[in-house]
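Worksheet for the structure shown next.
Below you can see the structure in the form of structure tokens.
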């Protein structure tokens with residue numbers, strides 16, 4: 079009976095601590111979404127969290143920017159998000175190419191920027207006695223972000239003596255939807271995909287490119303360009 083009461087009290091205490099963390103002032107909601115979230119227990123809840131060695135890997139992590147997931151399913155910082163890490167020990171830090179260190183890589187604290195979508199790793203090194211100890215944290219591949227106006231930039235290549243143009247979106251990514259609207263003397267047509275070909279031998283052609291992210295609330299990026307029959311556009315961007 080006493081053991082059951084003790085277990086119940088322990089469970090209630092844990093639930094109280096979790097609730098206290100969830101209502102902490104470290105979480106700030108902004109129009110851009112979750113701007114800053116303090117997470118202290120990721121190393122306990124993720125298979126790919128910091129490998130725990132006593133208190134060595136009790137590393138505090140906070141995020142500034144766009145993230146997905148949570149403390150149970152795993153938090154994934156998106157490209158352009160800053161990570162602030164703090165260890166209870168002095169040491170040095172190393173990151174993979176998907177992260178960029180901002181400032182000093184030595185000491186208890188580290189600030190990094192996620193610059194790539196691929197799976198990335200952050201490693202902390204410290205000396206305990208005569209031994210070097212390490213803590214490693216791997217973040218999964220970041221989801222595709224909203225397209226910006228650069229994604230709708232049209233790259234054109236001249237073909238067939240300048241009368242035929244091949245149009246492609248800058249930085250094409252198969253994760254986005256690309257819708258082309260072509261207006262010429264024959265009327266209006268629509269196409270999808272990574273490129274279109276137009277003929278400007280006898281008439282002007284107006285092309286509108288729309289780039290969107292499927293299943294999201296991201297704004298659609300649009301670019302309209304008119305190609306004149308009397309003009310020549312060698313390999314360049316609109």
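In our numbering, the protein residues as written are 79 to 316.
Even glycine gets a Cβ: it sits at the ideal position worked out from N, Cα and C.
Linking residue 174 to residue 193 through their CA atoms gives a straight-line distance of about 10 Å.
With 16 or more other Cβ atoms from the protein chains shown falling within 10 Å of its own Cβ, residue 165 counts as buried. Residue 273 has its alpha-carbon roughly 40 Å from the corresponding atom of residue 215. Considered as a whole, the stretch 252-292 harbours 255-262, 265-270, 274-277 and 283-290 as its complete beta strand (DSSP E) runs of no fewer than 3 residues, in chain order. Secondary structure at residue 229: helix, using DSSP grouped into helix, strand and coil. Only residues of its own chain outside the window of five on either side were considered, and among them 291, 294, 296 and 297 have a CB closer than 8 Å to the CB of residue 224, listed in chain order. Going by C-alpha positions, residue 135 is about 55 Å away from residue 285. If you ignore the 5 residues before and after residue 184, its C-beta comes within less than 7 Å of the C-beta of 170, all in its own chain and listed in chain order.
Distance between residue 241 and residue 196, taken at the CA atoms: about 41 Å. A Cβ-Cβ separation of about 38 Å leaves residue 231 out of contact with residue 187 under the 8 Å criterion. Excluding sequence positions up to five before and after residue 156, its CB lies within less than 8 Å of the CB of 143, 144, 145, 146, 192, 220, 221 and 223, all in the same chain and listed in chain order.
Secondary structure of residue 146 (DSSP, three-state): strand. The C-beta of residue 281 has fewer than 16 other C-beta atoms within 10 Å across all chains shown, which makes the residue exposed. The three-state reading of DSSP puts residue 186 in coil, since its state is none of H, G, I, E or B. Of the candidates 243, 248 and 236, the residue whose Cα lies closest to the Cα of residue 227 is 248.
DSSP, read as helix, strand or coil, puts residue 175 in coil. Relative to residue 168, the option among 179, 305 and 204 whose CA is nearest is 204.
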